[in-house]
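Data first, discussion second: the structure below is written as structure tokens.
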Amino acid sequence: MTEAAAVKAPVKRRKKESMGKQVFRRLLHNPTAMLGIAILVLITLASIFAPLLAPYDPNHMDYANLYARPNAQHLLGCDNLGRDILSRILHGGRYSLSLGVIAAAIGLVLGTFFGCIVGYAGKEVDNIAMRICDIWSSIPAMLLAILIATALGSSFFNTILAMTAGNIPGSIRNTRALVLRERELEYLEAAKAMNCSKMKVIFKHMMPNIISFKIVGTAGNIGHTIMQASGLSFIGLGVPPSTPEWGAMCANARGYFLDHPHMILIPGFVIMLVVLAFNLFGDGLRDAMDPKLKD
Amino acid sequence: MALVEVRHLKKYFEVASGTNHAVDDVSFKIERGHTMGVVGESGCGKSTLGRTIIRLLDATDGQVLLDGEDITHAKGRELRRLREKMSIVFQDPYSSLNPRFCVDETIREPLEEARRFTRAEISQRTEELMDLVGIEDRLRMAYPHEMDGGRRQRVGIARALALRPDFIMCDEPVSALDVSIQAQVLNLLMDLQERFGLTYMFVTHDLSVVRHISDEICVMYLGQLVETAPTKKLFDQPLHPYTKALLSAIPSIDFSKPMRRVQLKGEITSAINPKPGCRFAPRCLYACDCCHEPQQLEEVEPGHFVSCCRVREIN
Amino acid sequence: MNETLLTIKNLHVQYTSGGQIVRAVNGVDIELKKGETLGLVGETGAGKTTISKAILRILPDPPAKVTCGEVWLNDVNLFDLPAREMLEVRGNKIAMIFQDPMTALNPTMTVGNQIAEVILQHNDISNKEAMKRAASMLEMVGIPAMRYMEYPHQFSGGMKQRVVIAMALACNPELILADEPTTALDVTIQAQVLEMMINLKQKMNTSMILITHDLGVVAQTCDRVAVIYAGQIVESGTKEEIFNNPLHPYTIGLFGALPKLNDDSKRLSPILGLPPDPTNLPEGCSFNPRCPHAFEDCTVGQTPEMIEVTPGHFVRCILFRKESVHHGISRSQTS
Chain Z
24 MTEAAAVKAP
34 VKRRKKESMG
44 KQVFRRLLHN
54 PTAMLGIAIL
64 VLITLASIFA
74 PLLAPYDPNH
84 MDYANLYARP
94 NAQHLLGCDN
104 LGRDILSRIL
114 HGGRYSLSLG
124 VIAAAIGLVL
134 GTFFGCIVGY
144 AGKEVDNIAM
154 RICDIWSSIP
164 AMLLAILIAT
174 ALGSSFFNTI
184 LAMTAGNIPG
194 SIRNTRALVL
204 RERELEYLEA
214 AKAMNCSKMK
224 VIFKHMMPNI
234 ISFKIVGTAG
244 NIGHTIMQAS
254 GLSFIGLGVP
264 PSTPEWGAMC
274 ANARGYFLDH
284 PHMILIPGFV
294 IMLVVLAFNL
304 FGDGLRDAMD
314 PKLKD
Chain C
364 MALVEVRHLK
374 KYFEVASGTN
384 HAVDDVSFKI
394 ERGHTMGVVG
404 ESGCGKSTLG
414 RTIIRLLDAT
424 DGQVLLDGED
434 ITHAKGRELR
444 RLREKMSIVF
454 QDPYSSLNPR
464 FCVDETIREP
474 LEEARRFTRA
484 EISQRTEELM
494 DLVGIEDRLR
504 MAYPHEMDGG
514 RRQRVGIARA
524 LALRPDFIMC
534 DEPVSALDVS
544 IQAQVLNLLM
554 DLQERFGLTY
564 MFVTHDLSVV
574 RHISDEICVM
584 YLGQLVETAP
594 TKKLFDQPLH
604 PYTKALLSAI
614 PSIDFSKPMR
624 RVQLKGEITS
634 AINPKPGCRF
644 APRCLYACDC
654 CHEPQQLEEV
664 EPGHFVSCCR
674 VREIN
Chain Y
6 MNETLLTIKN
16 LHVQYTSGGQ
26 IVRAVNGVDI
36 ELKKGETLGL
46 VGETGAGKTT
56 ISKAILRILP
66 DPPAKVTCGE
76 VWLNDVNLFD
86 LPAREMLEVR
96 GNKIAMIFQD
106 PMTALNPTMT
116 VGNQIAEVIL
126 QHNDISNKEA
136 MKRAASMLEM
146 VGIPAMRYME
156 YPHQFSGGMK
166 QRVVIAMALA
176 CNPELILADE
186 PTTALDVTIQ
196 AQVLEMMINL
206 KQKMNTSMIL
216 ITHDLGVVAQ
226 TCDRVAVIYA
236 GQIVESGTKE
246 EIFNNPLHPY
256 TIGLFGALPK
266 LNDDSKRLSP
276 ILGLPPDPTN
286 LPEGCSFNPR
296 CPHAFEDCTV
306 GQTPEMIEVT
316 PGHFVRCILF
326 RKESVHHGIS
336 RSQTS
């Protein structure tokens, strides 16, 4: 086989690199992913330091500047109550970002966990679990949220709970589909043949191979969750009304769209920017986690 | 005593349109150190048979004996012990290796699972195994996608050998490989057999490969065993009409002898809700009423078993 | 029989992938006579399928690019034809049979209508007439016409491949490109399909290029054989010449690696090493790193020229160069 070595030597002996390190190194080399990360870092920092950065109190009403267009005094203008939009955007990031990220992340973790088990467990479990998911997802997310909000009261935490509850069945279903495809592959059978327990087959062998697909989906889910939460705020069940939250700002601006478009366009643009950034980041992460990728 | 003995083994699957009799009443023995070739066309249940024997699937009925011990219903610790004695080499060298495991991780996993080796022992054995199957040391940290099919299959073989099993079920191990690489892997398998006294069950649809490597051959058709005999005997003197048709259909590289194909009617049916009797009968030139009765495997000559009620008339 | 139908001259195809250039086909010349069957034999990645797709001009561009070469069908260079006229050639003059019958058929259309559609596309006839012709095509490949209105999923693998063949033959093409047409089929079904293809080809006097890795299939169906290695034909000749008197070390290696049905020797003699990396072909003869007879001359310069050893039997190996014949023989004797 020495000749063979001379013919094709694509792989050099190298030290095994931890997966995290490898993923990080690959991300650094991906310009679009880095752009996504840069946007996210910027917005996150701006939200964290909102009290220092914001020119005004987000709830301060300046009656002299109702509906003000963007100008030197109010860089992004004011809303129908004369509140400074820039300040509200900065403060709103704290709610909107954490709401979207936490709800999507919980959905990812629980959905992947149960989806793996359901997909691998066999026909009966699968059937029962899928019917439960059917029933669960047939309840409109809004109705579910209303139920939770009325039962537990409206608060930031309960909004996250409501959004997560709406996310989970979809996430389970999606994971299950990935598992069913992966199940066919013989390496899982090989794992079974060498005495791996079911849990090991699922979590050591199978999960790492589907998680990257899940992460991309979740990144896209964050924006959707932010928008949904705003729906809740709109009917008065999400975060408390005066809270500066991006979705709520959009909802609030709906009535003034024709006369004062900046009120809806600015928070809308910020949400879009965040969703875009998460998608870029998610795509980059998926590629970086793909072992087939060349360095 | 035979290392592996299969007695009236059945494996049925429930499918949408009924019950698939994937393996139906199959019996044979494999002597220690021998290779049993199992041939048949796609869907004849040969892979299912192999997987049922090594307990990756649970038998519907019948018995599997390993070294005289009934392993059909072994569970828990018992099964763990048995799985170390048997292993499997898969057909597809692409999907049978975890894409996120490098060569080293793949080969050491069965050793780790055995839970009785120290770290140093595991590393040493991994190195030995790589050397044994001819994987260069520089590929230790390589991922499956960085290697060609032949090397991947070598990694699969090393993994199967890790715990020094007695019995290896080879499920079409070379059918995804090119001719030149296929020969390398076949030679490797035969060397290993000689060195460790391994017993193989070699499932394949490629008759020239099976003839090359096997001591005995089983021919399957739609879940049933139609004929089993020592290799030479089977090729020189096939008795079952299906075996004859199968052998005559191989395109020979010797074109001076044009194919004298035994004509077959129709196409392969399915093993879902089959009628009793010989499943080959609808395509058989010699079919008659007695073929619709259940058939018995009959020892026509010593070691040559045929399941056909008309075997004496037609030969 | 002696009229030339297809001539390929100096065909080069490259793929660009991730900044690297994959040299898939590197100077292939093929001449095919009317009614003749040529077997293209080679291993995975040798460029067999790329050649057939280049003939039909269905290579995805990018990443594939024909960098050089001509393909003449009768008196027309296909590479000079405008795209619209090429449509006429595909299906009508040249038909292709793919390896996987399932992906070649539309699952939502009845098999009869799929054949009729091909006929309608290339002929100016009525619907009714086309359906009638489609039904007779089905009969011709051994499928009862009563199954005209059935869908592909109601057919077994072998039957589907028959339908695909019926589609390919529907317009009486002059040339059939069959890319591993029986690889996905079982042995007994493969025998039936091959037999049928040979009979139909004879009846219609069609030429065929049969791409396969199975030397047995070649032996039973082809008139001439071309062995491909690393995107080049390394040996070509009549079937009898190639099988009885293979000259190129690669061809000899291929036969040696084959488990033979009538040979009881225990060990096979594989070709050492691996096929070359097409992004980085070795200098000199592409086969030199694996060749048991290679010497210094093999590892430098361009790939060797084709040498006509006996009339019609070509080999790309410098062992057969006139001035090195002596050298070559002595090498092979000592090895």
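In order, the protein sequences belong to chains Z, C and Y. Per the numbering used here, the very first residue in the first sequence carries number 24; after that it's consecutive. Per the numbering used here, the very first residue in the second sequence carries number 364; after that it's consecutive. Per the numbering used here, the very first residue in the third sequence carries number 6; after that it's consecutive. Just so it is clear, CB atoms sit at the ideal spot from N, CA and C, and this is done for glycine as well. Please read all numbers here as calculations on a predicted model, not as lab measurements.
From the options, residue whose alpha carbon lies closest to that of residue i
i	options	result
residue 131 of chain Z	Z/221, Z/272, Z/186	Z/186
residue 444 of chain C	C/418, C/590, C/508	C/418
residue 492 of chain C	C/506, C/651, C/648, C/472	C/472
residue 29 of chain Y	Y/276, Y/279, Y/57, Y/19	Y/19
residue 423 of chain C	C/377, C/590, C/409, C/432	C/377
residue 662 of chain C	C/368, C/391, C/449	C/391
residue 111 of chain Z	Z/287, Z/311, Z/313	Z/287
residue 532 of chain C	C/519, C/585, C/540, C/671	C/519
residue 282 of chain Z	Z/234, Z/102, Z/87	Z/102
residue 201 of chain Y	Y/159, Y/308, Y/164	Y/164
residue 585 of chain C	C/489, C/364, C/462, C/384	C/384
residue 82 of chain Z	Z/160, Z/171, Z/113, Z/129	Z/113
Simplified DSSP state of residue i, which is helix, strand or coil
i	result
residue 534 of chain C	strand
residue 374 of chain C	strand
residue 557 of chain C	helix
residue 306 of chain Z	helix
residue 74 of chain Y	strand
residue 548 of chain C	helix
residue 132 of chain Z	helix
residue 315 of chain Z	coil
residue 458 of chain C	coil
residue 234 of chain Y	strand
residue 508 of chain C	helix
residue 339 of chain Y	Any reading at residue 339 of chain Y needs caution, since the residue's pLDDT is 35, under 50, leaving its predicted position unreliable; the model's value is listed next. Helix.
residue 136 of chain Y	helix
residue 98 of chain Y	coil
residue 392 of chain C	strand
residue 14 of chain Y	strand
residue 563 of chain C	strand
residue 24 of chain Z	The predicted position of residue 24 of chain Z is uncertain, since its pLDDT is 36 and thus under 50; no value can be drawn from it.
residue 582 of chain C	strand
residue 404 of chain C	coil
residue 221 of chain Y	helix
residue 611 of chain C	helix
residue 29 of chain Z	Only weak support exists for where residue 29 of chain Z lies, its pLDDT of 38 falling under 50; the coordinates are left without a value.
residue 150 of chain Z	helix
Boundaries (first-last residue) of the alpha helix (DSSP H) holding residue i
i	result
residue 410 of chain C	409-416
residue 596 of chain C	594-599
residue 58 of chain Z	54-71
Residue interval of the beta strand (DSSP E) (run including residue i)
i	result
residue 315 of chain Y	312-315
residue 426 of chain C	424-429
residue 319 of chain Y	318-320
residue 124 of chain Y	Taken as a continuous stretch (DSSP letters only), residue 124 of chain Y belongs to no beta strand (DSSP E), being part of the alpha helix (DSSP H) at 116-127.
residue 449 of chain C	449-452
Review point. For the stretch 201-213 of chain Z, which residues have a CB atom closer than 9 Å to at least one CB atom of chain C, in sequence order?
Key: 207, 208, 209, 210, 211, 212, 213
**Study point:** Residues within the stretch 213-243 of chain Z neighbouring chain C, beta-carbon criterion of under 7 Å
**Key:** 213, 215, 216, 217, 218, 219, 228, 231, 232
Review point. Where in the stretch 21-59 of chain Y do unbroken runs of the beta strand (DSSP E), each at least 3 residues long, occur, reported from the N-terminal end onward?
Key: Within the stretch 21-59 of chain Y, the complete beta strand (DSSP E) runs of at least 3 residues are 25-38, 42-46.
Check your understanding: Closer than 8 Å, Cβ to any Cβ of chain C: which residues of the stretch 180-212 of chain Y, in chain order?
Key -> 191, 192, 193, 194, 195, 196, 197, 199, 200
Review point. Where are the alpha helix (DSSP H) runs, 4 residues long or more, that stay fully inside the stretch 104-128 of chain Z, in chain order?
Key: none
Exercise for review: Please specify which runs of the beta strand (DSSP E), each continuous and at least 3 residues long, are wholly inside the stretch 152-199 of chain Y, giving them in chain order.
Suggested key: 180-184
Practice item. Taking only beta carbons into account, state which residues of the stretch 368-384 of chain C come closer than 7 Å to chain Z, listed in chain order. Key: none
Point to revise | Sequence ranges, alpha helix (DSSP H) only - wholly within the stretch 165-245 of chain Z, length at least 4 | key: Inside the stretch 165-245 of chain Z, DSSP marks whole alpha helix (DSSP H) runs of 4 or more residues at positions 179-206, 209-216, from first to last along the chain.
Check your understanding: When you check each C-beta in the stretch 153-166 of chain Y against every C-beta of chain C, which residues fall closer than 7 Å?
Key -> Within the stretch 153-166 of chain Y, the residues whose Cβ lies closer than 7 Å to some Cβ of chain C are 161, 163, 164, listed in chain order.
Review point. Listed in chain order, which residues of the stretch 472-497 of chain C have Cβ atoms closer than 8 Å to some Cβ of chain Z?
Key: 472, 473, 476, 477, 497
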